[in-house]
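If you count by our numbering, then the sequence shown holds residues 6 to 476, one letter each, in order. From the three backbone atoms N, C-alpha and C, an ideal C-beta is built for every residue, glycine too. Note that this is a predicted model, so its numbers are computed, not measured.
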Amino acid sequence: MRKILVIDDSKSWREYLKDNLTKMGYDVSVAENGFEGINLFFKILPDVVISDYIMPQMNGIHFCRFIRSYDAFSRVGIIILTGAEDSINEFWAKKSGADLFIKKDKSPENILESIVKFLESNKFTIEWSREFYKFRKNPFSELVDILEETLKIEIIKSSILDLISNIYDEEYIMIKLKDLLKEFFKFENLNIMILSHVIGRVYAFSNNKKFQCKKIKKLLYEKLLNPTTPSEWIFKGDFCDKGKNETILLENSIFFNLKSGNTDLGVISFSNFENKNTIAYYMNFMLEPLTTLFKALNNYMDYKVSSERDSLTGLYNKRKITEKLRELIILFKRKKYDLSVAILDIDGFKQINDEFGHITGDKVLIKLSQIMQDELRENDFIGRFGGEEFLILLPETECIKAKKVLERLLKKVSEYNWEMLGINKKITFSAGVFCDYKKRNVTYIINKADELMYMAKKLGKNRIISKEDLL
């Protein structure tokens with residue numbers, strides 16, 4: 006049986022609505038003013054509220070705004086009844102959060118008919134939040150308590166939204182968010198998954214000596230109802246290394262989904278916490294600003310990726326990989342680290358396009374990019390430098406080792422079964438490796454690597470040439 010709360014300072018209206026709606030099978034409770042209505046709302050958790058606009062202590066708009074500040078009550082239906090002379094500014098009407106305004110200048114029968122039509126739409130309910138979010142045990146004792154609660158909610162929301170100013174550094178935002186959450190409740194493990202169309206990110210924070218593993222991605226992803234499928238994943242935080250204990254510390258866990266429309270933006274989980282009701286209480290305030298924060302982060306991430314990535318292969322584009330090389334040169338000159346730079350070019354790529362078509366040629370570029378990403382280290386950088394040319398940066402790698410890395414990569418590429426892409430021939434590449442970057446600029450280094458690559462072509466292709474080979 007659906008619950009309805011009627012709030013009106015007119016006894017005749019309260020009784021009229023209660024009598025008629027009860028006869029229709031609804032469970033109806035009544036309150037004389039907004040303040041009493043607030044406390045009764047938390048006590049009975051109704052599916053629909055019918056509130057008068059002008060009432061003592063708290064009017065219908067204030068009541069509606071307060072209820073809507075709790076994310077758990079976003080699907081509760083709210084009707085506001087206004088007097089014949091009352092006029093509500095269109096802006097405030099939209100911002101109030103009410104679902105329907107009905108003027109009392111109609112007959113009681115017509116008003117009841119409009120209310121029943123609204124109730125029969127069947128889209129308003131408190132459903133899942135009825136038991137789980139019954140966190141408020143003590144009633145508000147006076148109006149100032151509600152004002153204090155409202156102030157608390159606004160401060161919490163603004164504290165989360167202030168993090169958007171650091172949108173260029175998502176990892177920093179996640180750390181600050183973790184610190185903020187710890188101000189309100191205690192937990193051992195915090196796991197956050199954020200999804201955009203291009204990149205999924207998983208952040209793990211743990212107070213426990215043991216580590217969480219990347220299997221946490223699977224557990225979080227399973228909690229989503231309508232997720233996107235990112236083409237790339239990033240993991241940050243307290244994850245175990247390969248080969249270590251893969252026990253995942255998710256005992257006593259609670260999950261909160263963040264959605265935009267019907268699409269999941271991500272999920273937040275707390276494990277080994279102290280008070281479930283406290284987390285539920287505060288997360289009600291936080292889910293709305295967190296959704297705004299996650300949407301902003303995703304928009305920024307998608308924009309950043311589109312401006313930095315090659316649209317076909319997903320690798321860095323020429324501008325970004327060149328910029329990355331410039332950054333490494335500045336950093337490594339100071340720290341005196343090794344740095345190897347390679348240019349790789351697919352052998353006979355024009356013939357591949359001519360013989361098998363450009364669509365197949367694109368598939369070759371995509372597959373080669375995947376092989377490179379799988380074979381190279383996480384701290385190596387790969388960019389598509391031209392049509393079939395790729396620039397590879399190998400930080401903290403001396404020349405001899407860099408050449409061996411490229412030779413292993415060449416072996417993987419040449420041994421791949423290219424017939425799966427409709428190509429009945431072996432694919433190979435030629436590459437040049439240049440390592441003497443000190444006292445050199447970006448253009449000089451790239452030109453030297455390019456010269457070594459062309460030398461590899463002249464010597465028969467399907468090989469790696471470094472400067473040391475010429476000594």
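Reducing DSSP to helix, strand and coil, say where residue i ends up.
i	result
Gly-205	strand
Ala-461	helix
Phe-260	strand
Asn-452	helix
Glu-394	strand
Ile-432	coil
Leu-381	coil
Lys-8	strand
Arg-339	helix
Asp-359	helix
Ala-103	coil
Leu-195	strand
Arg-389	strand
Leu-225	helix
Lys-108	strand
Thr-87	strand
Val-369	helix
Phe-439	strand
Leu-317	coil
Lys-139	Because the pLDDT of Lys-139 is 48, which lies under 50, any placement of that residue in the model is unreliable, and the number read from its coordinates should be weighed accordingly. DSSP places Lys-139 in coil when its eight states are reduced to three.
Hey, could you find the ends of the alpha helix (DSSP H) residue i is sitting in?
i	result
Ala-285	281-313
Ile-72	65-73
Ala-407	404-420
Asp-150	148-166
Ile-116	113-125
Glu-175	175-187
Leu-45	39-49
Measuring only the C-alpha atoms, how far is residue i from residue j?
i	j	result
Glu-227	Asn-196	14 Å
Phe-434	Leu-411	10 Å
Ser-274	Lys-281	12 Å
Lys-249	Ser-201	Legend: pLDDT at Lys-249 = 47, less than 50; position of this residue unreliable, value from coordinates given subsequently. Cα to Cα, Lys-249 sits roughly 30 Å from Ser-201.
Thr-87	Leu-185	41 Å
Arg-314	Lys-325	8 Å
Phe-261	Ile-371	36 Å
Met-29	Val-81	20 Å
Thr-402	Asp-441	12 Å
Arg-4	Ser-101	Outside the displayed span of the chain (6 to 476) sits residue 4, for which this structure offers no information.
Gln-2	Gly-465	The structure shown does not extend to residue 2, since the chain is modelled only from 6 to 476, so the question has no answer here.
Asn-231	Ser-258	21 Å
Glu-279	Phe-192	7 Å
Ala-454	Ser-276	51 Å
Leu-168	Glu-293	14 Å
Met-425	Lys-416	18 Å
Thr-252	Phe-106	Here Thr-252 scores only 49 on pLDDT, less than 50, and its place in the model is too uncertain to base an answer on.
Lys-431	Cys-404	27 Å
Lys-162	Asp-350	52 Å
Asp-367	Asp-379	19 Å
Thr-155	Ser-17	31 Å
Leu-381	Arg-339	25 Å
Lys-99	Cys-69	12 Å
Leu-10	Ile-116	16 Å
Leu-295	Ile-204	18 Å
So, are the CB atoms of residue i and residue j less than 7 Å apart?
i	j	result
Thr-318	Ser-236	no
Glu-41	Asp-14	no
Phe-390	Lys-462	no
Ile-49	Lys-8	yes
Ile-72	Asp-104	no
Ile-199	Phe-361	no
Lys-241	Glu-176	yes
Ser-311	Lys-408	no
Met-458	Ile-284	no
Leu-152	Gln-62	no
For the beta strand (DSSP E) containing residue i, name the first residue and the last one.
i	result
Ala-347	344-351
Thr-268	268-276
Lys-241	237-242
Asp-24	Counting along the chain, Asp-24 falls outside any beta strand (DSSP E), though it belongs to the alpha helix (DSSP H) covering 16-28.
Asp-57	53-57
Ser-34	32-36
Ile-4	What is shown of the chain runs 6 to 476, which leaves residue 4 out entirely.
Of all Cβ atoms in chain E, is any one closer than 7 Å to the Cβ of residue i?
i	result
Glu-147	Reference to chain E is not applicable here, since this structure consists of a single protein chain.
The stretch 390-408 touching the stretch 417-429, judged by at least three CB pairs closer than 8 Å
Flag = no, the stretch 390-408 and the stretch 417-429 do not touch.
Using 8 Å as the cut-off, can you tell me whether the stretch 435-449 makes contact with the stretch 377-386, which would need three or more C-beta pairs spanning the two stretches below that distance?
Result no; under three Cβ-Cβ pairs closer than 8 Å.
For the stretch 60-76 against the stretch 284-296, are there 3 or more C-beta pairs whose distance is under 8 Å?
Look at the beta carbons and you see the stretch 60-76 touching the stretch 284-296: at least three pairs across the two are nearer than 8 Å.
Quick check: the stretch 171-187 against the stretch 299-306, are at least 3 beta-carbon pairs closer than 8 Å?
Output reads yes: the stretch 171-187 touches the stretch 299-306.
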